[in-house]
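*Asks:*
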Amino acid sequence: MAIWLLIFFALALALPVLSVLGAWLALDSTAWAQWQHLLDTVLPGYAAQTAVLALGVGLGTLVVGGASAALVSLFEFRGRRFWDVALLLPMAMPAYVAAYAYTDALQFSGPLQTALRETYGWQGALWGDVRSLPGAGVLFVACLYPYVYLLTRTALAERAAPLMEAARLLGASLPRRVLEVAMPLARPALAAGVMLALMETLADYGVGSYFGLSTLSTGIYKAWLVQNDRFAAAQLASVLLAVVVLCLVAERRAQARLRFAQVRAAAPGGGRQPLHGAFALLAHLLLAVPLLLGFVLPVLVLLRMVWLEAKYGELEQPWVRFFDAAGNSLQLALLGALLTLLVALLLSAAQRLSPGRGGVRQRAVAAANALVGLGYAVPGAVIAIGLLLPLVWLRDFLPGLTVWITGTVAGLLMAYMVRFSGVALQTVQSGYARVPLTLDDSARLLGHTGGRLWWSVHRPLLQRSALAAALLVFVDVMKELPATLVLRPFDSDTLAVSAYQLARDERLAEAALPALAIVLVGLLPVLLLWRAMRLR
């Protein structure tokens, strides 16, 4: 009975997606006319800008992430280990935070243009507005290339480097070794990383809204919050969901192709081509560009804005707002991390302990886990609309439920569980993968079954995985913007929402403090990830 309750709970986590798709079941003449209106007016523009943005981000992350991974994995030069970890740092920088920093630094009245005009006597704007579609593309590339870099560096280090050494011994030149040995092995990893970056781009709302872009994600919020048209919002959400599902399928297929015959690991540094002199200097310069654009320069700009606000601004009100938002963020992040970890532990334990591997119950639990795992690919905009749609339908019958969901943190926590349970579940399952099944069999022979088996055997071995899962979800909740912006209770802004609202009101100096706090918290899982996957 308990397993079937868990399966029912997993289906409940899929409610937002099901409600978005279910909106098409109510496609009467009015809704169909609204769909035709969307096709004739805004939908082509939304689709065009989304496609152009996705194409630019895909190509940019492919080039930047792939080239960085090749330099770190295939070549040996002084300082390579520093770049191994440093290139992961932009993962801690949300794209919308980088957007605030670059807007302040590069706008007409910003410090850079002002200094150039004063120094050289130039007049007018020296370059176009950074808040544009090309500007958004550059920001996303600078912040999202680590997805490609991380997967590709691992594939190249584990498989390509030893084979390149063998090719060198056979007389192959360096360009031939890179193009004919390393890159074919890296293609699945490159594809998987690009798909992950595209899913993050499609799910974004902060950059698109702040830059005034007309993408599918911003269109969903305009339809719901500005036009008060829930059917249009649901229809746009379903289109965005379909695009994300296509990216997810492509990413899963690419991940499946990452399985190669095991290559004997080379000695530390074996197989890498040494670089010296001008070539080593060129490698440092190439690796410095994405790190500077994606992390160092935005952090320096944020620190400058915080310093100026502390020196010339009114300190009391920004600090009060900051501590209120920080308290709300910490509370939501802790609750979200605990709930999602509990879901992950229950579902993974149910799959591990369910009797009759390959039976009906085992397949049902595996399907429920797969369903929950897909939640991370669902954009926050889709989750928010998917949670609000049932409330609109039920408000005349169950008004108390509507108030309880929208007037408290219950709706937000539900959204976080839908969005991030997959992260926790994948992390816990990776811990289970290191626990051999023979331990379970031995424990059963000693009389330990069910919950006693989990408490005595599994729990001690899963502590590190559980802690890592909770940390990852904690940071993801701290950074989450789209769903929080719609579902948060009145007067309970988080750091992400506070930074977004201040930046939207052109109070960038005040927005710098909560934005910088988000970046600092985001460094924790990046360092944890590097420690787990660092190269020798």
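Under the numbering used here, the very last position in the sequence shown is 535; numbers go up by exactly one each time. Note that CB positions come from ideal geometry on N, CA and C, so glycine has one too. Note that the structure is a prediction, hence the values are computed from the model and not measured.
#1: Quick one: any contact between the segment 469–477 and the segment 417–426, if contact means 3 or more CB pairs under 8 Å?
#2: How would you call Ala325, buried or exposed, if buried means at least 16 neighbouring beta carbons within 10 angstroms?
#3: Using the rule of at least 16 other Cβ atoms within 10 Å of the residue's Cβ for burial, across every protein chain shown, is Gln261 buried or exposed?
#4: Count the other C-beta atoms from every protein chain shown that fall within 10 angstroms of the C-beta of Leu240, then say buried if there are 16 or more, exposed otherwise.
#5: Leaving out the 5 sequence neighbours to the left and right, which residues in its chain are closer than 6 Å to Gly207 when beta-carbon positions are compared?
#6: Does the structure place the segment 101–121 close enough to the segment 29–41 that three or more beta carbon pairs sit under 8 Å?
#7: In the DSSP output, what is Gln226 paired with across the bridge?
#8: If Asn508 sits next to Met304, beta carbons under 8 Å apart, how far is it from one beta carbon to the other, in whole angstroms?
#9: Which residue comes first and which comes last in the alpha helix (DSSP H) that contains Pro289?
#10: Kindly identify the DSSP beta-bridge partner or partners of Phe74.
#11: State buried or exposed for Ser28, treating a residue as buried only when at least 16 other CB atoms are found within 10 Å of its CB.
#12: Please identify the residue among Leu528, Ala222, Ala9 whose C-alpha is closest to the C-alpha of Val41.
#13: Can you tell me whether Phe419 is helix, strand or coil according to DSSP?
#14: In angstroms with no decimal places, state the Cα-to-Cα distance between Ala154 and Ala185.
#15: Are Leu138 and Ala190 closer than 8 Å when you measure CB to CB?
#16: Specify the secondary structure class of Pro267 as computed by DSSP and reduced to three states.
#17: For Met92, which three-state DSSP category applies?
#18: Please report how far the alpha carbon of Val140 lies from the alpha carbon of Met90, in whole angstroms.
#19: Tell me the rounded alpha-carbon separation between Leu337 and Arg351.
#20: Is Arg487 helix, strand or coil by DSSP?
#21: Assuming Tyr148 contacts Ala380 under a Cβ cut-off of 8 Å, what Cβ separation, rounded to an integer in Å, is found between them?
#22: Ignore the nearest five residues each way along the sequence and tell me which others in Thr483's own chain have a CB closer than 7 Å to its CB.
#23: Within the continuous alpha helix (DSSP H) that includes His36, where are the two ends?
#24: Where does Arg433 sit, in a helix, a strand or coil, going by DSSP?
#25: Closest by CA to Val16, which one among Leu178, Val84, Ser237, Leu173?
#26: Going along the chain, which residues of its own chain have a beta-carbon closer than 6 Å to the beta-carbon of Leu247, five neighbours each way excluded?
#27: Should Arg487 be labelled buried (16 or more other beta-carbon atoms within 10 Å of its own) or exposed?
#28: Return the CA-CA distance between Leu522 and Leu460, expressed in angstroms with no decimal places.
#29: Spatial neighbours of Ala467 within its chain, please: CB distance less than 7 Å, with the 5 preceding and 5 following residues excluded, ordered by chain position.
#30: Taking the C-alpha atoms as reference points, what is the distance between Glu308 and Ala9?
#31: Could you say which of Ala231, Arg530, Ala135 lies nearest to His36 if we only look at CA atoms?
#32: Would you kindly work out how many angstroms separate the C-alpha atoms of Leu386 and Asp440, rounded to a whole number?
#33: Using the Cβ count rule (16 or more neighbours within 10 Å means buried), how would you classify Thr118?
#34: I want to know whether the segment 115–135 touches the segment 73–92 - three or more CB-CB distances under 8 Å.
#35: I need the DSSP call for Tyr101, collapsed to helix, strand or coil.
#36: Give me the residue from Leu169, Ala383, Ala332, Leu286 with the minimum Cα distance to Phe76.
*Replies:* The relevant details are as follows:
#1: yes
#2: Translated into positions along the sequence shown, residue 325 becomes position 326. Classification for Ala325: buried.
#3: Translated into the one-based positions of the sequence shown, residue 261 becomes position 262. Caution is warranted here: a pLDDT of 46 is assigned to Gln261, below 50, making its placement in the model unreliable, and the coordinate value is therefore given only provisionally. Under this definition Gln261 is an exposed residue.
#4: Looking up residue 240 in the sequence shown gives position 241. So Leu240 ends up on the buried side.
#5: Translated into positions along the sequence shown, residue 207 becomes position 208. These residues qualify, in order along the chain: Thr214, Ser216, Thr217.
#6: no
#7: Stepping through the sequence shown from its first residue, residue 226 is reached at position 227. Answer by DSSP bridge pairing: none, since Gln226 is not bridged.
#8: As a first step, residue 508 must be located in the sequence shown, where it is residue number 509. As a first step, residue 304 must be located in the sequence shown, where it is residue number 305. Looking at the sequence provided, one finds Ala at residue 508 rather than Asn. Sure, about 5 Å apart at Cβ, within 8 Å.
#9: One-based indexing of the sequence shown puts residue 289 at position 290. Its alpha helix (DSSP H) spans residues 276–290.
#10: Within the sequence shown, numbered from 1, the residue matching residue 74 stands at position 75. In DSSP, Phe74 forms a bridge with Gln272.
#11: Numbered from 1 along the sequence shown, position 29 holds the residue referred to as residue 28. Ser28 comes out exposed.
#12: Start at 1 with the first residue of the sequence shown, and residue 41 comes out as number 42. Among Leu528, Ala222, Ala9, the Cα nearest to that of Val41 is on Ala222.
#13: Walking along the sequence shown from the start, residue 419 turns up at place 420. The answer is helix: DSSP assigns Phe419 an H, G or I state.
#14: On the sequence shown, position 155 is the one that residue 154 refers to. On the sequence shown, position 186 is the one that residue 185 refers to. So the two alpha carbons sit approximately 6 Å from each other.
#15: Translated into positions along the sequence shown, residue 138 becomes position 139. Translated into positions along the sequence shown, residue 190 becomes position 191. For Leu138 and Ala190, no; Cβs fall outside 8 Å.
#16: Position 268 of the sequence shown holds residue 267. Residue placement at Pro267 cannot be trusted, given a pLDDT of 45 that sits under 50; the coordinates are not used to answer.
#17: The residue you call residue 92 lines up with position 93 of the sequence shown. Coil, per DSSP.
#18: Reading the sequence shown from its first residue, position 141 is the one you call residue 140. Reading the sequence shown from its first residue, position 91 is the one you call residue 90. Each residue's Cα considered, the two are about 11 Å apart.
#19: On the sequence shown, residue 337 is found 338 positions in, with the first residue counted as 1. On the sequence shown, residue 351 is found 352 positions in, with the first residue counted as 1. Approximately 21 Å between the Cα atoms of the pair.
#20: Taking the first residue of the sequence shown as 1, we reach residue 487 at position 488. In the structure shown, Arg487 sits in coil (DSSP, three-state: anything other than H, G, I, E or B).
#21: Here residue 148 refers to the residue found at position 149 of the sequence shown. Here residue 380 refers to the residue found at position 381 of the sequence shown. Tyr148 to Ala380, Cβ: 27 Å. No contact.
#22: Stepping through the sequence shown from its first residue, residue 483 is reached at position 484. So the qualifying residues of the chain are Leu411, Thr493, Ala495, Val496.
#23: The count along the sequence shown starts at 1 and reaches residue 36 at position 37. His36 -> alpha helix (DSSP H) spans 28–39.
#24: What you label residue 433 is simply residue 434 of the sequence shown in a count that begins at 1. Coil, per DSSP.
#25: Residue 16 sits at position 17 when you count from the first residue of the sequence shown. Taking only the C-alpha atoms, the option nearest Val16 is Ser237.
#26: Here residue 247 refers to the residue found at position 248 when the sequence shown is read from its first residue. Answer for Leu247: Ala376, listed in chain order.
#27: The sequence position of residue 487 within the sequence shown is 488, counting from 1. Arg487 is buried by the Cβ-count criterion.
#28: Sequence index remark: in the sequence shown, residue 522 carries index 523 (1-based). Sequence index remark: in the sequence shown, residue 460 carries index 461 (1-based). Going from the Cα of Leu522 to the Cα of Leu460 covers about 26 Å.
#29: As a position in the sequence shown, residue 467 is number 468, starting the count at 1. Around Ala467: Thr426, Leu527.
#30: One-based indexing of the sequence shown puts residue 308 at position 309. One-based indexing of the sequence shown puts residue 9 at position 10. Roughly 46 Å separates the two Cα atoms.
#31: Walking along the sequence shown from the start, residue 36 turns up at place 37. Per the Cα distances, Ala231.
#32: Counting from 1 along the sequence shown, the entry for residue 386 is found at position 387. Counting from 1 along the sequence shown, the entry for residue 440 is found at position 441. Rounded to whole angstroms, Leu386 to Asp440 spans 42 Å at the Cα level.
#33: Counting from one through the sequence shown, the residue named residue 118 turns up at place 119. So Thr118 ends up on the exposed side.
#34: no
#35: Position 102 of the sequence shown, counting from 1, holds the residue named residue 101. Residue state, collapsed to three classes: helix.
#36: Numbered from its first residue, the sequence shown carries residue 76 at position 77. Ranking the options by Cα distance to Phe76, first place goes to Leu286.
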